[in-house]
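*Asks:* Positions 1 to 190 (the numbering used here) are the ones given, in order, by the sequence shown.
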Amino acid sequence: MAAATDIIDDAVPGYGGLFDPATTPGELRHALDSVLASDLSRPPAPESTDDSFILYVDGGSRGNPGPAGAGAVIMDATETELARLGRPVGSRTGNNTAEYVALQLGLSELLARYDPRSLEVRIDSMTVIRDAWDDDDPTEPGVETYSEAIATALLSVPEHRYTHLADSDPNPADALATVGADIAALGPGS
């Protein structure tokens with residue numbers, strides 16, 4: 001997604017998904033077409049110095065429901081960035097759903113690339129925290145599949161915990177979720 005973000009930033013005014021308010025839907029569509037026409041592939045996984053990881057996740061929705069995106073950043077224990085991920089979630093999607101998607105996105109990529117022994121998830125969604133770590137049932141309709149995938153993924157990591165982020169705390173996954181929401185805004189119903 002980072003490479004896609006760079007391509008989009010080259011095509012429209014703005015940075016990291018924070019577009020100029022005057023950016024038109026046509027300019028955004030052109031930017032997305034540029035991404036689709038590029039030869040992007042999954043970059044090789046950087047080596048990790050340890051089997052301990054940090055995963056930042058964030059989901060966001062404009063309008064709630066509205067265009068939504070999910071972002072995740074995988075770091076090693078020294079906070080060296082290993083991967084940046086992001087995706088659109090839907091054009092009429094709630095914020096909580098985007099938060100679930102972000103955690104599932106990050107966990108699935110982490111497990112595909114590495115064999116983590118320890119994981120700290122840094123997340124701002126208390127709804128997802130209560131579901132994933134406190135064994136509460138999901139309160140958001142339609143997230144059961146994500147909830148189950150998250151639970152299964154966490155079973156693969158012997159030691160995992162969360163750190164709740166306040167909205168004011170820095171979260172590198174936020175900009176990736178924003179780009180995902182920008183792309184989702186181009187979809188049906190927008």
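Ideal Cβ placement from N, Cα and C applies to all residues, glycine included.
(1) Below 8 Å, can you find three or more Cβ-Cβ pairs linking the segment 86 to 97 to the segment 63 to 73?
(2) According to DSSP, is Ser190 helix, strand or coil?
(3) In its own chain, which residues sit with a C-beta less than 6 Å from the C-beta of Pro65, not counting the 5 before and 5 after it?
(4) Nearest CA to the CA of Leu155: which residue from Ala175, Ala132 and Pro170?
(5) Note down, in chain order, each residue of its chain lying with its Cβ closer than 8 Å to the Cβ of Tyr162, except the 5 sequence neighbours on either side.
(6) Pull up the DSSP beta-bridge partners for Leu103, would you.
(7) Starting from Ile54, follow its DSSP beta bridges and name the residues at the other end.
(8) Cutting at 7 Å between CB atoms, please list the residues of its own chain near Thr139, excluding the five before and the five after it.
(9) Over what stretch of residues does the beta strand (DSSP E) that includes Glu81 continue unbroken?
(10) Kindly list the residues whose CB is nearer than 6 Å to the CB of Pro158, restricted to its own chain and excluding five residues on each side of it in sequence; keep chain order.
(11) Does the beta-carbon of Ile84 have 16 or more other beta-carbons within 10 angstroms, so that it is buried, or is it exposed?
(12) Taking a contact to mean a Cβ-Cβ separation below 7 Å, would you say Ala98 touches Gly59 in this structure?
(13) With 7 Å set as the bound, which would you pick, yes or no: does the beta-carbon of Thr23 sit closer than that to a beta-carbon of chain B?
(14) Could you tell me the boundaries of the beta strand (DSSP E) in which Arg161 lies?
(15) Would DSSP call Gly63 helix, strand or coil?
*Replies:* Taking the definition as stated:
(1) yes
(2) Only weak support is given to the placement of Ser190: the predicted model assigns it a pLDDT of 48, under 50, and the value that follows is read from those uncertain coordinates. Of the three classes helix, strand and coil, the one that applies to Ser190 here is coil, per DSSP.
(3) Arg92, Thr93 and Gly94
(4) Ala132
(5) Glu120, Val121, Arg122, Ile123, Ile129, Ala132 and Trp133
(6) Answer is none; Leu103 lacks a bridge partner.
(7) Met75 and Glu120
(8) Thr127
(9) Glu81 to Thr93
(10) Arg117
(11) Before going further, note that residue 84 is Arg rather than Ile in the sequence given. The residue in question, Arg84, is buried, as its Cβ has 16 or more Cβ neighbours within 10 Å.
(12) yes
(13) This model lacks chain B altogether, as it is built from one protein chain only.
(14) Glu159 to His164
(15) coil
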